[in-house]
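Report on the following structure.
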Amino acid sequence: MYTGNGSTLIVRERSDDRAYIEILTLSESDGEVQSSGAATLVCLVFGVSEQARVYWVIEHGLTDSGSGDSSESTPDFIRNQITIPGEVWSSGAVCTCVVKTESGRSMSKSVSKTDADCCPYSVWRYVFIPGVLIAMWIHFAVVRWNNNKQRRRFQEER
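What the sequence shown shows, in full-length UniProt numbering, is residues 1 to 158, in sequence order.
Written out as structure tokens, the structure is:
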């Protein structure tokens, strides 16, 4: 590296401006919900240093640090998971993953059983599948119209 007269090199710590949180809910279809009905929630925090503090706040005041698995955390993300008792999860309690960074920034993301149940299947059932069917119907209508148009043109040329 070359620096000339008047050159300045500024080295800063990693910025947490682009930090974000993802929460994964392991559902019954994944075979991950215990027979007791308990659910496992996984909080993935991206764009923060490994010294960031990650913990869970469960509705009704229950707080848990969860369990961080350093073997699955990398410089790219921090992983923290918690297992929620079946009766708490089934009641629709809001579970919030909270992150406090070294710079003092605090951010969070929440999930509940109703959120986890509604979205994946609803999107497929009510948006994606009808959209594909409508697009296919339009495509076939246009193809048929073009075929009829070409057939008429061919008959007129005779």
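Beta carbons are placed, not taken as given, at the ideal position from N, Cα and C, and that holds for glycine. Remember, it's a predicted structure, so these values are computed and weren't measured experimentally.
- Under the three-state reduction of DSSP, A135 is assigned to helix.
- Using a C-beta cut-off of 8 Å, the segment 106 to 114 makes no contact with the segment 129 to 144, since fewer than three inter-stretch Cβ pairs fall below that distance.
- Spanning the alpha carbons of I78 and V142 requires a straight line of approximately 51 Å.
- If you look at E87, you'll find it in the alpha helix (DSSP H) that goes 86 to 90.
- Assigned with DSSP and collapsed to three states, T114 falls in helix.
- CA-to-CA, the gap between V42 and H139 works out to about 42 Å.
- Residue pairing for T40: DSSP places it in a beta bridge opposite L26, T83.
- Leaving aside the five residues that flank W56 on each side, the residues in its chain whose CB is nearer than 8 Å to its CB run, in chain order, L41, C43, T63, D64, S65, G66, N80, I82, C95, T96, C97, V98.
- In this structure, DSSP gives V142 a helical state, which the three-state scheme calls helix.
- Pairing A52 with K100 gives a Cβ-Cβ distance under 8 Å.
- Each of S90, Y20, R152, A19 was checked against the Cα of I58, and the nearest Cα belongs to S90.
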